[in-house]
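K.L.:
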Amino acid sequence: MEGETFIKSRWYHTWWGITLAGFGGLLAALVIVVAVTTIIYWWQIKHGKLSSLQERFGNGFTASGKSGGATKIDRAKLETLDDPFLGRPGAPIVIVEFIDFKCPNCKAAAPIIHQVADRYGSKVKIVVRDFPAESLHPGATYLSELAYCAGQQKHFWQMHDVLYDNQDTLPEVLAPEDIQALADRAGVDAAALSLCAKSAEAIRKVKNNYFAGLSFGVRGTPTFFINGQKVEGVVPFEEWEKYLDKVE
Numbered sequence: 001m002e003g004e005t006f007i008k009s010r011w012y013h014t015w016w017g018i019t020l021a022g023f024g025g026l027l028a029a030l031v032i033v034v035a036v037t038t039i040i041y042w043w044q045i046k047h048g049k050l051s052s053l054q055e056r057f058g059n060g061f062t063a064s065g066k067s068g069g070a071t072k073i074d075r076a077k078l079e080t081l082d083d084p085f086l087g088r089p090g091a092p093i094v095i096v097e098f099i100d101f102k103c104p105n106c107k108a109a110a111p112i113i114h115q116v117a118d119r120y121g122s123k124v125k126i127v128v129r130d131f132p133a134e135s136l137h138p139g140a141t142y143l144s145e146l147a148y149c150a151g152q153q154k155h156f157w158q159m160h161d162v163l164y165d166n167q168d169t170l171p172e173v174l175a176p177e178d179i180q181a182l183a184d185r186a187g188v189d190a191a192a193l194s195l196c197a198k199s200a201e202a203i204r205k206v207k208n209n210y211f212a213g214l215s216f217g218v219r220g221t222p223t224f225f226i227n228g229q230k231v232e233g234v235v236p237f238e239e240w241e242k243y244l245d246k247v248e
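Per the UniProt record's numbering, the very first residue in the sequence shown carries number 1; after that it's consecutive.
1. Mind checking P92: buried by the 16 CB within 10 Å criterion, or exposed?
2. May I ask which residues mark the beginning and end of the beta strand (DSSP E) holding D245?
3. Tell me, please, whether the segment 182-190 touches the segment 153-160 by the rule of three or more beta-carbon pairs shorter than 8 Å.
4. Pull up the distance between the alpha-carbon of V218 and that of E177, whole angstroms please.
5. Once you ignore the five residues that flank C196 on each side, which residues in its own chain have a CB closer than 7 Å to its CB?
6. Going by DSSP in three states, Q167 sits in which element: helix, strand or coil?
7. At which residues does the beta strand (DSSP E) containing L86 begin and terminate?
8. Which first and last residues belong to the beta strand (DSSP E) in which F98 is found?
9. Does the beta-carbon distance from L244 to V162 come in below 9 Å?
10. When the Cα atoms are used, what is the spatial distance from Q167 to K107?
11. Count the other CB atoms, across all protein chains shown, that sit within 10 Å of the CB of D100; report buried if there are 16 or more and exposed otherwise.
12. Tell me the residue span of the alpha helix (DSSP H) that contains R129.
13. If you draw a straight line from the C-alpha of D165 to the C-alpha of P132, how long is it?
14. Within this structure, are the beta carbons of F224 and V235 separated by less than 9 Å?
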């Protein structure tokens, strides 16, 4: 008789039934959370909310192991006037990118930034600043100094692209013939480039950018600040497009 009573018990009164019901409830809650998060993300992108870019694209990012503690960004100090830029001075959207010429994620971001400047040049000003993670990428600081010195010859962007195009083959320590080859490809004078890269001015400029990055909370590269709001990692062009299409 006791066996018959057990068999006739409702399934949700059994231990396995209670366990199954609990698991089902957790699964339903998870589905609801995912759905709500997706809707929020869609709304933020649709309305140009930058935090969603950070949440979604923080993976294409090389952390340097150091970080600053900035909580409030002084845009006047962040958006420098003496660093190279693409786009329009006085544009409503100012994008500051901290880069490392030996960072693979920066290399991936470089053509996207050119695309953004080409498509939205009237809406954006894209400023590039140095953040060479020497502990991760030995020799990166010297490449930043070379790029700065190419800029002194009005060819920063040419050197910027040459350094990324040749990132995988550049040695840690550049020989004179390596500098000559880079100079030829970027269209600059090699002797002047090499001399400038050893100057106190070039060394100070790159160092100042690096420590400025730390003060703004930069943890690695690429790190973007869009009108002062930080976004870490490679952002696909399609997401820049969704955001910038909303900007008048």
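Cβ atoms here follow ideal geometry from the backbone N, Cα and C, with glycine treated the same way.
P.N.:
Reading it off the structure:
1. exposed
2. Neither: D245 is in no beta strand (DSSP E) and is coded neither H nor E.
3. yes
4. 34 Å
5. C149, Q152 and A202
6. coil
7. F85 to G87
8. I93 to I99
9. no
10. 8 Å
11. buried
12. It is not in any alpha helix (DSSP H) - R129 instead sits in the beta strand (DSSP E) that spans V124 to D130.
13. 17 Å
14. yes
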